[in-house]
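Okay, so the sequence shown: first residue is 184 according to my numbering, each after it adds one.
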Amino acid sequence: MILAVLLSAAAWSSPCEALLRPRTPGVPAAPSPSPLPDTLCLQVDLDVAGRASLTTPAVGVSRELLLSRGQGELELRAPVASARVNLDAVRSGGPAGYVGVAGESVVPRVQVAEARLDLNRLGLAAAAGMVDDLWVIGAQDTWALPAVALTMGQEQGWLERSDLGLWAAWTAPRSALTASVSTLSGEGLARRERNNGQNLMGVLTLRPLALSSAPAERLELSVMAREGSRGVSYTPDHRVAARATVSLPLVVTSAELMLGWGLDADRKALPAGLSLSARGGPASPVVAWARVDWTTNQHDLDEAAALIWRVGVGPRLPGPEVMGLPAVQLVVGVEGRHAQPQATALAGADAATTSTTVFFQLNARLRGGLPLTPEAP
């Protein structure tokens, strides 16, 4: 923590201040009329959360101590180029297996390893390597509580957090709109390429208030379309989605709708989902959230849907903030899940249809940076 405070103080009192402003992966900064300082800056971002939970009814393991978030990121930024590596902590044995590293140890996994180019004065940006999924990261920034729960598409396995490939994006003056396109392997961050087809995704975000006196980011309307395939059999993996976000000082609300054709190795799967969420904004006196997800992997099948609801609250602790939320969060939350008979892992299994989880969680996300001296040519 002391290191993060020192890094933060060094960054924000130095030429790095202009370079280390928070930005959304896949979204260029708004065009800048003045050049950025000619310097090199290092940013460190640590996001860790621990959770204790109790689930009822007690089917299987009902009391758990979890590492609900464990990520570390290093990024070197220059005025035009940047390089970023993000590691997350995963259980090596997987969610259902017992074959892992040194038993089932928690091990680091490369989640993002990207080279990025930013031409801020033109509103252009591009990145290549193991890059963010443009739709997932946009939804995650809107939700802003990944330690509480993943976004709907990622939690259901309909989208991967990142993938090998590249993306390019353009933001119009005054941030009126952002258009981005990506081409990815389609196999996600955990599998090598298995066919000659790549996923092609386009995302368009409109900010209707950009031409008014109100902040442009107060209202965002986004649409996405992806043509893709997965595996050696070219299983379809198509997605379309739409999202509307309203960001006010006290509350941030969002509605997201997603439809799909194909899932994993099942070309007949027809996933669909609707997610409605609200959370405290930067001026909220507490950290609070409410979210409801309706999902199904087969929307043409009766009684194949599931409903997940979440609520939680915690005090707004003093100290630094990241993306409008306290860097340290102490919260209590409740999650409820109800699955119709055809939506359970074993169709008709009554014990798995309804559950409620109460949890206590401590989350710390600390970010800071400092200037470095570029190596002479």
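For glycine and all other residues, C-beta sits at the position ideal for the given N, C-alpha and C.
Per DSSP, Thr334 lies in no alpha helix (DSSP H) segment and is marked neither H nor E. Counted as a single uninterrupted DSSP element, the beta strand (DSSP E) harbouring Asp346 occupies residues 345–354.
Leaving aside the five residues that flank Val290 on each side, the residues in its chain whose CB is nearer than 6 angstroms to its CB run, in chain order, Ser275, Val284. By the CB criterion at 7 angstroms, Arg450 and Thr428 fall outside the cutoff. The beta carbons of Ala330 and Ala232 sit closer together than 7 angstroms. Residue ranges of uninterrupted beta strand (DSSP E) with 3 or more members, entirely inside the stretch 438–504 and ordered along the chain, are 455–463, 469–479, 488–498.
Taking a 10 Å sphere around the C-beta of Pro356, we find fewer than 16 other C-beta atoms and assign the residue as exposed. Leaving aside the five residues that flank Ala455 on each side, the residues in its chain whose CB is nearer than 6 angstroms to its CB run, in chain order, Leu442, Thr479, His482.
A straight line joining the alpha-carbon of Gly348 with that of Thr354 spans about 21 angstroms. Here Cys199 is not bridged, per DSSP, to any residue.
Here the alpha carbons of Val295 and Gln523 stand approximately 36 angstroms from one another. The three-state reading of DSSP puts Arg357 in helix, counting H, G and I together. Linking Val475 to Asp228 through their CA atoms gives a straight-line distance of about 29 angstroms. Ser265 is bridged by DSSP to Arg260, Arg299. Between the stretch 540–547 and the stretch 511–518 there are three or more inter-stretch CB-CB distances shorter than 8 angstroms, so the stretches are counted as touching. Close CB contacts of Ile491 within its chain, under the 6 angstroms cut and outside five residues either way in sequence, are with Asp476, Arg520 (chain order). Leu249 is bridged by DSSP to Arg234.
Taking Ser430 as reference, the option from Glu403, Arg422, Gln254, Val415 with the minimal CA-CA separation is Glu403. Going by DSSP, Thr325 is part of the alpha helix (DSSP H) stretching over 317–326. In the three-state DSSP reduction, Ala393 falls in the helix class (H, G or I). Within its own chain, the residues whose Cβ lies closer than 7 angstroms to the Cβ of Leu317, once the five positions on either side in sequence are excluded, are Gly209, Trp350, Ser363, Ser365, Met384, Val386, listed in chain order. In the three-state reduction of the DSSP assignment, Arg374 falls in the coil class, being assigned neither a helical nor a strand state. In the three-state reduction of the DSSP assignment, Glu287 falls in the coil class, being assigned neither a helical nor a strand state. Just measuring C-alpha positions, the residue of Val406, Asp346, Ala397 sitting nearest Ala373 is Asp346. Look at Pro524 here: in three-state DSSP terms it is helix. Scanning its chain for C-beta atoms nearer than 8 angstroms, with the 5 sequence neighbours on each side dropped, one finds around Leu433 the residues Gly463, Gly464, Ala466, Ser467, in chain order. Taken atom to atom, the span from the alpha-carbon of Gln339 to that of Ala266 is near 30 angstroms. Within a 10 Å sphere around the beta-carbon of Arg246 sit fewer than 16 other beta-carbons, which makes this residue exposed. In terms of Cβ geometry, Trp472 and Leu328 form a close pair [threshold 7 angstroms]. According to the DSSP assignment, Asn546 belongs to the beta strand (DSSP E) that extends over 537–555.
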